[in-house]
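Have a look at the structure below, then the notes.
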Amino acid sequence: MQQVGIEALNVYGGSAKLDVRMLGEARHLDMTRFDNLLMKEKTVAMPYEDPVSNAINAAKPIIDSLSDLEKQQIKMVIACSESGIDFGKSMSTYIHDYLGLSRNCRMFEIKQACYSGTAGLQMALNLILSQTSPGAKALVIGTDIFRPVVVEGGEALSEDWSFVEPSSGAGAVAILVSDVPKIFQVDVGCNGYYGYEVMDTCRPNPDSEAGDADLSLLSYLDCCENAYREYQDRVEGVDYQKTFHYLSFHTPFGGMVKGAHRSMMRKFKRAKPVEIEEDFQKRVMPGLVYCQQVGNIMGATVFLSLASMIDNADFSKARRVGIFSYGSGCCSEFYSGVVTPQGKEIQAQQKISSHLAMRYSLNMEEYEQLLSHSSMVAFGTRNVTLDYKLFPGVWEQIEGKGRLVLKRIKEFHREYEWV
Numbered sequence: 004m005q006q007v008g009i010e011a012l013n014v015y016g017g018s019a020k021l022d023v024r025m026l027g028e029a030r031h032l033d034m035t036r037f038d039n040l041l042m043k044e045k046t047v048a049m050p051y052e053d054p055v056s057n058a059i060n061a062a063k064p065i066i067d068s069l070s071d072l073e074k075q076q077i078k079m080v081i082a083c084s085e086s087g088i089d090f091g092k093s094m095s096t097y098i099h100d101y102l103g104l105s106r107n108c109r110m111f112e113i114k115q116a117c118y119s120g121t122a123g124l125q126m127a128l129n130l131i132l133s134q135t136s137p138g139a140k141a142l143v144i145g146t147d148i149f150r151p152v153v154v155e156g157g158e159a160l161s162e163d164w165s166f167v168e169p170s171s172g173a174g175a176v177a178i179l180v181s182d183v184p185k186i187f188q189v190d191v192g193c194n195g196y197y198g199y200e201v202m203d204t205c206r207p208n209p210d211s212e213a214g215d216a217d218l219s220l221l222s223y224l225d226c227c228e229n230a231y232r233e234y235q236d237r238v239e240g241v242d243y244q245k246t247f248h249y250l251s252f253h254t255p256f257g258g259m260v261k262g263a264h265r266s267m268m269r270k271f272k273r274a275k276p277v278e279i280e281e282d283f284q285k286r287v288m289p290g291l292v293y294c295q296q297v298g299n300i301m302g303a304t305v306f307l308s309l310a311s312m313i314d315n316a317d318f319s320k321a322r323r324v325g326i327f328s329y330g331s332g333c334c335s336e337f338y339s340g341v342v343t344p345q346g347k348e349i350q351a352q353q354k355i356s357s358h359l360a361m362r363y364s365l366n367m368e369e370y371e372q373l374l375s376h377s378s379m380v381a382f383g384t385r386n387v388t389l390d391y392k393l394f395p396g397v398w399e400q401i402e403g404k405g406r407l408v409l410k411r412i413k414e415f416h417r418e419y420e421w422v
């Protein structure tokens with residue numbers, strides 16, 4: 004069987020963060036319930052950080068590590084997002100341009116809520132497996148930004164939707180897919196997918212969120228079970244506890260993942276509470292470390308969990324990781340692959356943990372001020388020039404680091420610069 008998978012992976016978690024417990028207290032949320040959500044911090048996007056700049060900042064270290072010949076082998080760039088900036092023009096065109104990639108390349112954008120990253124990965128894998136372009140590579144980037152505005156007035160909106168603000172973040176994860184799977188070798192043909200129409204969460208307006216939190220949880224749990232059942236039907240001899248050394252989940256927030264894992268262990272292993280908790284800490288928790296620092300970045304979150312798992316779990320020998328991807332609306336998939344000791348060693352060179360630790364910590368006054376400027380680059384903005392010095396402390400984390408930021412929008416065209 005031909006080898007295929009992730010050759011390189013990098014996370015860009017923005018330049019500013021917010022303590023979500025502080026946010027929860029400021030919003031007068033039920034703090035007795037808050038601890039069960041397993042959230043710590045979230046990335047907060049500056050006005051000059053958008054899904055395009057985040058995507059490029061995630062991909063740049065990967066591209067810079069390639070030879071000119073290897074760059075020429077990138078035949079597909081896929082932007083995976085629910086934070087698109089134009090109804091027609093794909094963000095991948097900007098990404099392709101600022102990364103200086105070959106013009107002999109397919110560029111497009113995929114949308115299916117938080118499942119989009121996995122959709123992009125599977126499309127890239129099939130390009131490689133088809134061998135229609137021998138030696139080809141594909142750049143897949145999940146990139147999303149939370150818009151802190153909630154659609155009001157509908158009966159379907161649950162009061163629990165207030166927990167979306169502390170759980171939702173901003174950022175991007177870039178993966179290079181090829182037949183040299185140094186980081187994650189995919190188990191080819193080992194997939195289980197499951198989906199149906201449901202109105203659990205959605206973005207009815209470009210900068211708004213709406214949904215039913217209870218229905219979203221039920222859909223997630225339903226898909227987690229049935230996507231795995233399909234995987235189980237297609238892959239002989241699978242055992243939920245023994246086949247997978249680790250499990251990475253799409254992570255809206257840690258508490259949802261913990262609930263899904265508990266449900267799966269009860270249904271498939273009839274496990275008792277103590278065993279379930281031990282299994283969670285061993286097989287799942289390493290994948291939540293980065294998610295607890297960045298928040299839900301939609302299409303990129305499942306890869307954020309995978310990156311966290313590789314960096315924080317024990318891969319002293321080759322071990323299999325099961326992955327559950329879910330996108331509201333809904334579509335889901337369970338798939339798997341193997342990480343080796345060499346893969347973990349290579350992945351550590353991205354220094355994701357150090358990058359996340361360097362983000363500027365916003366206080367509530369700064370955060371509220373930022374929210375008041377959130378419409379500056381709203382969907383459809385025709386002309387604007389961004390003020391980098393609006394938050395001096397944040398700018399100090401960016402200036403001189405070789406990162407890309409949004410400079411201005413001129414007649415709808417976005418102009419970026421390296422700083």
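If you read the sequence shown in the numbering used here, its first letter stands for residue 4, the second for the next number, and so on. No residue lacks a Cβ here, since even glycine has one placed at the ideal position from N, Cα and C.
Nearest-angstrom Cα distance between Asp225 and Gly198? By 1-based counting over the sequence shown, the position of residue 225 is 222. By 1-based counting over the sequence shown, the position of residue 198 is 195. Near 10 Å, if we compare the C-alpha coordinates of Gly198 and Asp225.
Could you please give the first and the last residue of the uninterrupted beta strand (DSSP E) stretch that includes Gly103? Numbered from its first residue, the sequence shown carries residue 103 at position 100. Run containing Gly103: none; DSSP gives neither H nor E here.
Helix, strand or coil at Met79 according to DSSP, with G and I counted as helix: Within the sequence shown, the letter at position 76 stands for residue 79. Correct three-state label for Met79: strand.
Length of the line joining the Cα atoms of Ser165 and Phe37: The count along the sequence shown starts at 1 and reaches residue 165 at position 162. The count along the sequence shown starts at 1 and reaches residue 37 at position 34. Computed Cα separation, rounded: 12 Å.
Using the Cβ count rule (16 or more neighbours within 10 Å means buried), how would you classify Glu281? As a working mapping, residue 281 is identified with position 278 in the sequence shown. Classification for Glu281: exposed.
Outcome for Arg106 when other beta-carbon atoms lying within 10 angstroms are tallied against a minimum of 16: In the sequence shown, counting from the first residue as 1, residue 106 sits at position 103. Exposed, by the Cβ-count rule.
Check whether the segment 46-63 touches the segment 399-414, taking contact to mean three or more Cβ pairs, one atom from each stretch, closer than 8 Å. yes
As assigned by DSSP and simplified to three states, the class of Tyr390: Numbered from its first residue, the sequence shown carries residue 390 at position 387. The displayed chain sequence assigns Asp, not Tyr, to residue 390. Here Asp390 sits in coil by DSSP.
For Leu128, which residues from the same chain have a beta carbon less than 7 Å from its beta carbon, with the 5 sequence-adjacent residues on both sides left out? Residue mapping note: residue 128 aligns to position 125 of the sequence shown, counting from 1. Closer than 7 Å at Cβ, skipping near neighbours: Val7, Val180, Val189.
With contact counted as at least three CB pairs below 8 Å, one residue from each stretch, are the segment 244-258 and the segment 313-332 in contact? yes
I think Cys83 touches Val143, with their Cβ atoms under 8 Å apart; what is that distance to the nearest whole Å? As a working mapping, residue 83 is identified with position 80 in the sequence shown. As a working mapping, residue 143 is identified with position 140 in the sequence shown. At roughly 6 Å, the Cβ-Cβ gap stays under 8 Å, so Cys83 and Val143 are in contact.
With H, G and I counted as helix, E and B as strand and the rest as coil, what does DSSP make of Gly192? Along the sequence shown, one-based indexing puts residue 192 at 189. Of the three classes helix, strand and coil, the one that applies to Gly192 here is strand, per DSSP.
Could you give the uninterrupted runs of the alpha helix (DSSP H) lying entirely in the segment 233-314, keeping only those of 4 residues or more? 257-272, 276-282, 294-297
In its own chain, which residues sit with a C-beta less than 6 Å from the C-beta of Ala11, not counting the 5 before and 5 after it? The sequence position of residue 11 within the sequence shown is 8, counting from 1. If we look at Ala11 and ignore the five residues flanking it on each side, its Cβ neighbours are Ile65, Leu179.
Gly123 to Leu307, Cα distance in whole Å? The residue labelled residue 123 in the question sits at position 120 within the sequence shown. The residue labelled residue 307 in the question sits at position 304 within the sequence shown. Gly123 and Leu307: Cα-Cα distance of roughly 15 Å.
Under 9 Å between the Cβ atoms of Cys205 and Ala116? Locating residue 205 in the sequence shown gives position 202, where the first residue counts as 1. Locating residue 116 in the sequence shown gives position 113, where the first residue counts as 1. The answer is yes: Cβ separation under 9 Å.
Mind checking Lys78: buried by the 16 CB within 10 Å criterion, or exposed? Taking the sequence shown and counting its residues from 1, one reaches residue 78 at position 75. By the 10 Å Cβ count, Lys78 comes out buried.
Counting pairs of beta carbons, one from the segment 341-348 and one from the segment 357-367, are three or more of them closer than 8 Å? no
Cut-off 7 Å between Cβ atoms - residues of its own chain near Thr304, not counting five sequence neighbours on either side: In the sequence shown, residue 304 corresponds to position 301, counting from 1. The answer, listed in chain order, is Cys117, His253, Thr254, Cys294.
In this structure, how does DSSP classify Ile178 when only helix, strand and coil are distinguished? The count along the sequence shown starts at 1 and reaches residue 178 at position 175. Looking at Ile178 - three-state DSSP - the assignment turns out to be strand.
Using the rule of at least 16 other Cβ atoms within 10 Å of the residue's Cβ for burial, across every protein chain shown, is Met4 buried or exposed? The sequence position of residue 4 within the sequence shown is 1, counting from 1. Burial call: exposed.
Start and end residues, alpha helix (DSSP H) containing Leu132: Position 129 of the sequence shown, counting from 1, holds the residue named residue 132. Per DSSP, Leu132 belongs to the alpha helix (DSSP H) from 119-133.
If you draw a straight line from the alpha carbon of Asp317 to that of Tyr419, how long is it in whole angstroms? By one-based count along the sequence shown, residue 317 stands at place 314. By one-based count along the sequence shown, residue 419 stands at place 416. For Asp317 and Tyr419, the distance between alpha carbons rounds to 39 Å.
Backbone CA spacing between Asn299 and Leu21 [nearest angstrom]: Here the question's residue 299 lines up with position 296 in the sequence shown. Here the question's residue 21 lines up with position 18 in the sequence shown. Approximately 13 Å, taken between the alpha carbons.
Looking only at C-alpha atoms, which of Met202, Thr146, Ser211 sits nearest to Glu168? Your numbering for residue 168 matches position 165 in the sequence shown. The option with the nearest alpha carbon to Glu168 is Ser211.
Can you name the residues that DSSP bridges to Met110? Translated into the one-based positions of the sequence shown, residue 110 becomes position 107. Bridge partners of Met110: Val80.
Under 9 Å between C-beta atoms of Asp147 and Glu85: Locating residue 147 in the sequence shown gives position 144, counting from the first residue. Locating residue 85 in the sequence shown gives position 82, counting from the first residue. Yes, the Cβ-Cβ distance between Asp147 and Glu85 is below 9 Å.
Ile326, enclosing alpha helix (DSSP H) - first and last residue: Here residue 326 is taken as the residue at index 323 of the sequence shown, counted from 1. Element bounds for Ile326: not the alpha helix (DSSP H) but the beta strand (DSSP E), 322-330.
CB-CB length for Ala141 against Leu130, believed under 8 Å: As a first step, residue 141 must be located in the sequence shown, where it is residue number 138. As a first step, residue 130 must be located in the sequence shown, where it is residue number 127. The Cβ separation is near 6 Å, so the contact holds.
Of all the options Ile81, Glu348, Gly257, which has the alpha carbon lying nearest to the alpha carbon of Met94? The residue given as residue 94 occupies position 91 in the sequence shown. Closest option to Met94, Cα to Cα, is Ile81.
Let me confirm a value: Leu433 is counted as buried when at least 16 other C-beta atoms fall within 10 Å, else exposed. Which label applies? For residue 433 there is no data in the structure shown, the boundaries of the chain being 4 and 422.
Between Phe415 and Met288, what straight-line distance do the alpha-carbon atoms span, to the nearest angstrom? Here the question's residue 415 lines up with position 412 in the sequence shown. Here the question's residue 288 lines up with position 285 in the sequence shown. One C-alpha to the other measures close to 43 Å.
Inspect the beta-carbon positions of Tyr329 and Ala177 and report whether they are closer than 9 Å. On the sequence shown, position 326 is the one that residue 329 refers to. On the sequence shown, position 174 is the one that residue 177 refers to. In this structure, Ala177 does not lie closer than 9 Å to Tyr329 by Cβ.
With a CB to CB cut of under 8 Å and the five nearest residues on each side skipped, what residues in its chain are close to Arg362? Taking the first residue of the sequence shown as 1, we reach residue 362 at position 359. Counting only Cβ-Cβ distances below 8 Å, and skipping sequence neighbours, we find Gly16, Gly17, Ser18, Ala19, Lys20, Thr46, Gln400.
Can you grab the Cα-Cα spacing for the pair Arg385 / Lys413, in whole Å? Walking along the sequence shown from the start, residue 385 turns up at place 382. Walking along the sequence shown from the start, residue 413 turns up at place 410. Those two C-alpha atoms are separated by around 6 Å.
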